[in-house]
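Peer 1: Numbering (this note's numbering), first residue to last: 1281 to 1756. Note that CB positions come from ideal geometry on N, CA and C, so glycine has one too.
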RNA sequence: UGAGGCAUAGCGCAGUUUGGUAGCGCGCUUGGUUAGGGACCAAGAGGUCGUGGGUUCAAGUCCCGUUGCCUCAACCA
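(1) Whole angstroms is fine: what's the gap from residue 1552's alpha carbon to residue 1301's?
(2) Express the C-alpha separation of residue 1626 and residue 1645 in angstroms, rounding to a whole number.
(3) Where residue 1660 and residue 1576 are concerned, what is the direct C-alpha to C-alpha distance, given to the nearest angstrom?
(4) Taking the alpha-carbon positions, what's the residue 1684 to residue 1591 distance?
(5) Evaluate residue 1409 with the Cβ neighbour count: other Cβ atoms within 10 Å of its Cβ, from every protein chain shown; 16 or more gives buried, anything less gives exposed.
(6) Can you find at least 3 beta carbon pairs, one from the region 1740-1747 and one from the region 1456-1475, that sit closer than 8 Å?
(7) Any idea if residue 1680 is buried or exposed, counting beta-carbon neighbours within 10 angstroms, 16 or more meaning buried?
(8) Using only alpha-carbon positions, find the residue among 1534, 1376, 1364 that is nearest to residue 1397.
(9) Using 8 Å for Cβ pairs, my map puts residue 1451 next to residue 1539. What's the rounded Cβ distance?
(10) Out of 1353, 1354, 1339, which one is the CA nearest neighbour of residue 1347?
(11) Assuming residue 1421 and residue 1349 make a contact with CB atoms under 8 Å, what is their CB distance in whole Å?
(12) Taking all protein chains shown into account, do 16 or more other C-beta atoms lie within 10 angstroms of the C-beta of residue 1768, making it buried, or fewer, making it exposed?
(13) Restricting to Cα atoms, I'd like to know which of 1336, 1555, 1426, 1332 is closest to residue 1368.
(14) On the three-state DSSP scale, how would you describe residue 1761?
(15) Flag this pair as touching only if the region 1550-1566 and the region 1308-1327 have three or more C-beta atom pairs under 8 Å; answer yes or no.
(16) Tell me whether the beta-carbon of residue 1586 lies closer than 8 Å to the beta-carbon of residue 1633.
(17) If you follow the beta strand (DSSP E) that residue 1688 is part of, which residue opens it and which one closes it?
(18) Below 7 Å CB to CB, which residues in the same chain sit around residue 1559 once its five sequence neighbours on both sides are set aside?
(19) Please name the residue, chosen from 1727, 1686, 1708, that lies closest to residue 1743 on a Cα-to-Cα basis.
(20) Look up residue 1756 in the DSSP assignment and say whether it is helix, strand or coil.
(21) So, using beta-carbon positions, are residue 1455 and residue 1449 closer together than 8 Å?
(22) CA-CA distance, residue 1589 and residue 1637?
(23) With distances taken Cα to Cα, identify the nearest neighbour of residue 1356 among 1394, 1343, 1329.
(24) On the DSSP bridge assignment, give the partners of residue 1335 in chain order.
(25) Could you pull the start and end residues of the beta strand (DSSP E) that residue 1315 belongs to?
(26) Check this for me: beta carbons of residue 1375 and residue 1390, under 8 Å apart or not?
(27) Classify residue 1715 as helix, strand or coil using the three-state DSSP reduction.
(28) Spatial neighbours of residue 1354 within its chain, please: CB distance less than 8 Å, with the 5 preceding and 5 following residues excluded, ordered by chain position.
(29) Please state the DSSP three-state secondary structure of residue 1446.
(30) For the beta strand (DSSP E) that contains residue 1466, what are its first and last residues?
(31) Beta-carbon within less than 7 Å of residue 1306's beta-carbon, same chain only, minus the 5 sequence neighbours each way: which residues are those?
(32) Does DSSP put residue 1758 in a helix, in a strand, or in coil?
(33) Scan the region 1700-1748 and note each continuous alpha helix (DSSP H) run of 4 residues or more that stays entirely inside, going in chain order.
(34) Once you ignore the five residues that flank residue 1653 on each side, which residues in its own chain have a CB closer than 6 Å to its CB?
(35) With 16 as the cutoff for other CB atoms within 10 Å, does residue 1495 come out buried or exposed?
(36) Looking only at C-alpha atoms, which of 1373, 1362, 1469, 1607 sits nearest to residue 1334?
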């Protein structure tokens, strides 16, 4: 027993103070560091690697849908930005503006993009002339800046990385369908790759993206029961097309205004992974996006043949496409176990002289801490199967945890007590803004998403006829 | 922006009440012994105490300002 279990102790008790646990763990596992400018973060290689895996998975899905990657400038002239009234009003408070360059004051201030609808809209008006140019689907991976008042690594930083997809369509129906389709892709990705179950659906008018006709969201439940908006897909109607003159000659010869969509997910997803799966031992990263899927820890490494056996196992796994690391540092095995557990590596292989002699390896799962022996002969199949099982079980575990905490309420008191217990609360809503505001005022819960296809007789706030069922929750 | 807290070695902290030589643990370096769940011994390196001013013979410590960070609230991906 070590006299100081500093590493483990430094991770605050997850149950005692969840936000504190979160900020501790993202730094102690070397995912991020803080930048010199307020609210900025430095994503370190281990954290960035998760992002790269997310990018690869999403790019493959985008490609299948005919979305191509492109890149647009960071700086947007203010004149572009002010063309869509609701949009500029919504974003104005958090836009950073460049006023000086080259030692002089600029004649026109430049906005640092908080999102790129305006510049992409401007370009699309040039690119779209004919119905033959439609649909147009572009995506860009970039950074954006929103001057937030308080920040938390990954979940809310002044600058963050994301992808923003923008599409232009000939008809409202097609654009609306695209909006829904992208939401579906996001849901499939988040559930299958990040093992985070999400509720998807439309947002209320209050929560809608500035300038959109409709905003669809996916909401994930964090370990403390709070909700996190994990991604959004917006149907923009003709709002931006009108503001930026995106018009085309249709097959019937008429000049028509197009319909557009936009959709995005950000590095916030990494925060969602941490807050959904993490525990008192640190991170728990789903195998599909884990920078390191499997770590081999040699036991009694100085004894003959151990390192050699580990290296050949590593080579075998590596050539099969498993992201594997051999920890041949001279730290003690116990130290390594804790270190890699804290970093969330899904599978650990322990290999020592006794195992090698018996032709076996010991595999330990990060998600359940189960240990099992497998023959060394079929190591690749065993490890791959185990990784797939971990991935599946993590989603099921998260889903189970969430299902237990989705409850119904019929009145304000019910909403309040359920929300305070860390639940998602489904309640009838008449559809008026006053009732939505009142819930927020009295319970600090906001309307996260419409519960599609569900019905309630009465609004939980005013008792009038309910038009929708809404999921209320406190949110990050 | 409102309320509270924090800032001392790479990391975590003590020292501040009552001013008087800059400390501890971990980590790091070197050498050795170890090795199936955070090993041990020995010797080392490392700090203008966030920053600006003030009080004082003397400030990490007291006073005023300022900046940054954290939690909560408000705002948002």
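Peer 2: In brief:
(1) Locating residue 1552 in the first chain gives position 272, where the first residue counts as 1. Locating residue 1301 in the first chain gives position 21, where the first residue counts as 1. If you take the alpha carbons of residue 1552 and residue 1301, they lie about 14 Å apart.
(2) Translated into positions along the first chain, residue 1645 becomes position 365. Translated into positions along the first chain, residue 1626 becomes position 346. In this structure, the alpha-carbon of residue 1645 lies about 6 Å from that of residue 1626.
(3) Counting from one through the first chain, the residue named residue 1660 turns up at place 380. Counting from one through the first chain, the residue named residue 1576 turns up at place 296. In this structure, the straight-line span from the alpha carbon of residue 1660 to that of residue 1576 is close to 13 Å.
(4) For the purposes of this step, residue 1684 is taken as the residue at position 404 of the first chain. For the purposes of this step, residue 1591 is taken as the residue at position 311 of the first chain. For residue 1684 and residue 1591, the distance between alpha carbons rounds to 44 Å.
(5) The residue labelled residue 1409 in the question sits at position 129 within the first chain. By the neighbour-count criterion, in which a residue is buried when 16 or more other Cβ atoms sit within 10 angstroms of its Cβ, residue 1409 is exposed.
(6) Taking 8 Å as the limit for Cβ pairs, the verdict is that the region 1456-1475 does not touch the region 1740-1747.
(7) Taking the first chain and counting its residues from 1, one reaches residue 1680 at position 400. It is exposed - the Cβ of residue 1680 has fewer than 16 other Cβ atoms within 10 Å.
(8) Looking up residue 1397 in the first chain gives position 117. When each option's Cα is compared against that of residue 1397, the closest is 1364.
(9) Your numbering for residue 1451 matches position 171 in the first chain. Your numbering for residue 1539 matches position 259 in the first chain. Your pair residue 1451 and residue 1539 checks out as a contact, with CB atoms roughly 6 Å apart and the cut at 8 Å.
(10) Residue mapping note: residue 1347 aligns to position 67 of the first chain, counting from 1. For the residues 1353, 1354, 1339, the minimum Cα distance to residue 1347 belongs to 1339.
(11) Here the question's residue 1421 lines up with position 141 in the first chain. Here the question's residue 1349 lines up with position 69 in the first chain. Confirmed, Cβ separation roughly 7 Å.
(12) Since the first residue shown for the chain is 1281 and the last is 1756, residue 1768 is missing from the structure and cannot be characterised.
(13) As a working note, residue 1368 is residue 88 in the first chain. For the residues 1336, 1555, 1426, 1332, the minimum Cα distance to residue 1368 belongs to 1426.
(14) Any question about residue 1761 goes unanswered here, given that the chain covers just 1281 to 1756.
(15) Output reads yes: the region 1308-1327 touches the region 1550-1566.
(16) In the first chain, residue 1586 corresponds to position 306, counting from 1. In the first chain, residue 1633 corresponds to position 353, counting from 1. In this structure, residue 1633 lies closer than 8 Å to residue 1586 by Cβ.
(17) Counted from its first residue, the first chain places residue 1688 at position 408. Note, residue 1688: beta strand (DSSP E), 1686-1689.
(18) Start at 1 with the first residue of the first chain, and residue 1559 comes out as number 279. Answer for residue 1559: 1294, listed in chain order.
(19) Taking the first residue of the first chain as 1, we reach residue 1743 at position 463. Nearest of 1727, 1686, 1708 to residue 1743, Cα basis: 1708.
(20) Position 476 of the first chain, counted from the first residue, corresponds to residue 1756. In this structure, DSSP gives residue 1756 a state outside helix and strand, which the three-state scheme calls coil.
(21) Taking the first residue of the first chain as 1, we reach residue 1455 at position 175. Taking the first residue of the first chain as 1, we reach residue 1449 at position 169. Their beta carbons are under 8 Å apart, which means residue 1455 touches residue 1449 by this criterion.
(22) Your numbering for residue 1589 matches position 309 in the first chain. Your numbering for residue 1637 matches position 357 in the first chain. Straight-line Cα distance between these residues: approximately 11 Å.
(23) In the first chain, counting from the first residue as 1, residue 1356 sits at position 76. Considering only alpha carbons, the answer is 1394.
(24) Against the first chain, residue 1335 aligns to sequence position 55. Beta-bridge pairing links residue 1335 to no other residue.
(25) For this step, residue 1315 is matched to residue 35 along the first chain. That residue, residue 1315, is in no beta strand (DSSP E); it is neither H nor E in DSSP.
(26) Sequence index remark: in the first chain, residue 1375 carries index 95 (1-based). Sequence index remark: in the first chain, residue 1390 carries index 110 (1-based). The beta carbons of residue 1375 and residue 1390 sit no closer together than 8 Å.
(27) For the purposes of this step, residue 1715 is taken as residue 435 along the first chain, with counting starting at 1. Residue 1715 falls in the helix class under three-state DSSP.
(28) For the purposes of this step, residue 1354 is taken as the residue at position 74 of the first chain. Correct list, in chain order: 1392, 1393, 1422, 1423.
(29) Position 166 of the first chain holds residue 1446. In this structure, residue 1446 counts as strand in the three-state DSSP scheme.
(30) Within the first chain, the letter at position 186 stands for residue 1466. Run containing residue 1466: none in the beta strand (DSSP E); it sits in the alpha helix (DSSP H), 1452-1473.
(31) Here residue 1306 is taken as the residue at index 26 of the first chain, counted from 1. Only residues of its own chain outside the window of five on either side were considered, and among them 1312, 1433, 1434, 1554 have a CB closer than 7 Å to the CB of residue 1306, listed in chain order.
(32) Lying before the first or after the last residue shown, residue 1758 is absent from the chain, which here runs from 1281 to 1756.
(33) Entirely contained in the region 1700-1748, the alpha helix (DSSP H) runs reaching 4 residues are, in chain order, 1713-1723.
(34) Position 373 of the first chain, counting from 1, holds the residue named residue 1653. Annotation for residue 1653: 1640, 1642 place their beta carbon closer than 6 Å to its own, counting only its chain and skipping 5 residues before and after.
(35) Taking the first chain and counting its residues from 1, the one referred to as residue 1495 is at position 215. Flag for residue 1495 reads buried.
(36) Residue 1334 sits at position 54 when you count from the first residue of the first chain. Nearest option by C-alpha distance: 1469.
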